[in-house]
Structures are given as structure tokens and as C-alpha cells.
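Step one of this worksheet: look at the structure below.
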Amino acid sequence: MADWGEFAGVFILFLVSHYLPSRPGVRLAITRLVGERVYLLIYSLISLVLLGWLIVAAGRAPYVALWDFAPWQIWVPNLVTPAAILLAALGIAAPNPFSFAGRKTDRFDPDRPGIAGLTRHPLLWAILLWAGAHLVPNGNLAHVLLFGFFMAMAIAGMLMIDRRRARAMEPPHWRDMARRTSLIPFANVIGGRFSIAGIDAAPVRLAVAVAVYLVLLLLHGPLIGVSPLPV
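Under numbering that gives the first Met the number 0, the residue at position 173 of the sequence shown is numbered 172, and the numbers go up by one with no gaps.
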């Protein structure tokens with residue numbers, strides 16, 4: 000029971016740490032006190048620490064199998080996670096009024112939507128891909144709850160942001176913006192409405208993606224206790 004207690008407790012802390020700052024009054028009070036950049040730094044650090052603790056707590060929770068493990072399953076996160084990291088690296092701080100990770104939204108040009116032309120929710124899709132890929136080889140109750148929660152959160156976040164943007168815009172403006180951007184990755188590329196050459200794939204963003212992937216690959220075993228590499 001103690002193991003489930005740790006998992007449940009960290010889960011609650013993680014939810015509270017994301018719910019409270021989402022309240023406009025709370026965020027405004029904090030940013031007035033420490034500034035926007037310091038707030039984002041503190042928020043990011045707390046989120047990473049709690050996420051790491053939550054993953055470790057899931058590994059320590061009682062093992063309740065929901066499906067059997069098969070060796071091929073380990074390839075799913077190994078193939079999908081690099082794509083998720085690249086998507087996040089291309090999306091974070093890019094001009095994108097549809098993403099909560101976007102910055103400098105006043106510079107967003109609908110005729111050159113950048114990453115939003117591929118998908119207007121790059122970070123949420125990165126979370127969805129990461130969680131869905133890790134769900135496949137982790138068919139036990141604690142990890143299904145963990146990764147299933149992140150998948151649900153990412154999907155709900157995309158729909159919520161789109162509804163808010165649609166309400167904030169005039170219907171013709173929203174329809175035009177929705178056509179120029181994409182909810183589903185590559186939908187506009189397949190439809191011929193966007194070319195991936197329009198994405199800001201600056202070398203520094205690609206370098207960050209590679210560096211993050213290598214760090215996660217090296218630290219996965221020591222921190223999580225399981226090697227991510229197929230044997």
C-alpha cells in the first residue's frame with residue numbers, strides 16, 4: 000500500500016503544480032513577484048523534477064500486469080521518441096499563437112506558419128507520441144495510468160486550445176487560420192497546403208534535439224532503472 004501511496008501522492012502533487020499556475024490570478028501574482036523568465040524557469044524545473052519522480056514512483060508501484068511484454072515492443076519508444084523530441088525542439092518558443100509553448104506570437108505570419116503548418120500543437124503532440132510509445136512496452140497498471148494520463152492530457156489540451164482560439168476569433172478568421180495550420184501532423188503537407196521546407200529547422204534546434212535525446216538515452220538506465228535499448 001505504501002508504494003501505491005507514493006505513486007498517488009506524487010500524481011496529486013504533479014496535478015496541483017500544473018493546476019494552480021494555470022489560474023490567471025496565481026500566475027499573475029507570481030510573475031509580478033519574480034518576473035516572467037524566473038517564473039518559467041522555476042515552473043519548468045519543478046515540472047521536470049515531479050515528472051521524474053512520478054516515473055520512478057510508477058516503477059516502484061505494485062506490478063499489476065494488463066498485457067504481456069514482447070521484445071518487439073521496446074522498438075516502439077526507440078523509434079517514436081526521437082521524433083517526439085524533434086517536434087518539441089522545433090515547436091518550443093517558435094512564433095505560434097496556438098501553442099502554449101509558443102513565443103513572440105506577434106511575429107506569427109499566417110502565410111508562413113512555420114511549425115504550425117505541420118501542426119499547431121507541436122509540444123502536445125510530442126507529449127502524446129512520447130506517452131503512447133512508452134505505453135506499448137509497459138503493460139502494467141501503474142504505467143498505463145501514468146502514460147494514459149499524459150495521452151489524455153495532450154489530446155484534451157489540443158481541443159481546449161482550439162476551442163479557446165475559435166471563440167476569440169471571428170468565424171471567417173478562425174476558418175482561415177485553421178486551414179493554414181493543422182491539428183493533425185502532416186495533414187496540410189499531404190493536402191499540398193504546406194511544405195516542410197517552411198519549418199524553422201535552425202541548426203541550434205536540431206542540435207538541442209540530438210543533445211536531449213542522447214542525455215535521455217544515457218540517463219534512462221541510471222535514473223529509471225531500465226535500459227531503453229533493445230538487447
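Glycine included, C-beta positions come from ideal geometry on N, C-alpha and C.
Original post:
Using the rule of at least 16 other Cβ atoms within 10 Å of the residue's Cβ for burial, across every protein chain shown, is Ala7 buried or exposed?
Top reply: exposed
Original post:
In its own chain, which residues sit with a C-beta less than 8 Å from the C-beta of Asp110, not counting the 5 before and 5 after it?
Top reply: Arg179
Subject >> The alpha helix (DSSP H) enclosing Leu78, as first and last residue numbers >> reply: Taken as a continuous stretch (DSSP letters only), the alpha helix (DSSP H) holding Leu78 covers 74–90.
Original post:
Taking C-alpha atoms, which residue in Ile54, Val143, Ile29, Ile114 lies nearest to Ala254?
Top reply: Residue 254 falls outside the range modelled here, since the chain spans only 0 to 230, and no answer is possible.
Subject >> Every unbroken alpha helix (DSSP H) within the segment 113–137, with a cutoff of 4 residues, ordered by chain >> reply: 114–117, 121–134
Subject >> Element boundaries [alpha helix (DSSP H), containing Ser46] >> reply: For Ser46, the uninterrupted alpha helix (DSSP H) run begins and ends at 35–59, by DSSP.
Subject >> Between the CA atoms of Phe68 and Leu122 - distance to the nearest angstrom >> reply: 29 Å
Original post:
Can you check whether the CB of Ala93 is closer than 8 Å to the CB of Ile126?
Top reply: no
Subject >> Contacts around Gly197, its chain only, beta-carbon distance under 8 Å, and the 5 residues preceding and following it disregarded >> reply: Closer than 8 Å at the Cβ level, and outside the excluded window around Gly197, lie Arg111, Pro112, Gly113, Gly116.
Original post:
Does DSSP put Ala206 in a helix, in a strand, or in coil?
Top reply: In the three-state reduction of the DSSP assignment, Ala206 falls in the helix class.
Original post:
By DSSP, does Ala93 sit in helix, in strand, or in coil?
Top reply: coil
Original post:
If we ignore side chains and look at the alpha-carbon of each, how far apart do Ala80 and Ile91 end up?
Top reply: For clarity, residue 80 is Thr in the given sequence; the question names Ala instead. Rounded to the nearest angstrom, the two C-alpha atoms are 16 Å apart.
Original post:
Who does Asn139 pair with in a DSSP beta bridge?
Top reply: BP columns for Asn139 point to Ala64.
**OP:** Indicate whether Phe146 and Asn139 have their beta-carbon atoms separated by less than 8 Å.
**Re:** no
Original post:
Which residue comes first and which comes last in the alpha helix (DSSP H) that contains Asp175?
Top reply: Counting along the chain, the alpha helix (DSSP H) containing Asp175 begins and ends at 170–179.
Original post:
Per the contact definition of three or more C-beta pairs closer than 8 Å, is the segment 54–61 in contact with the segment 217–224?
Top reply: yes
Subject >> Residue closest to Gly156, alpha-carbon to alpha-carbon, out of Val9, Leu12, Phe185, Ser21 >> reply: Ser21
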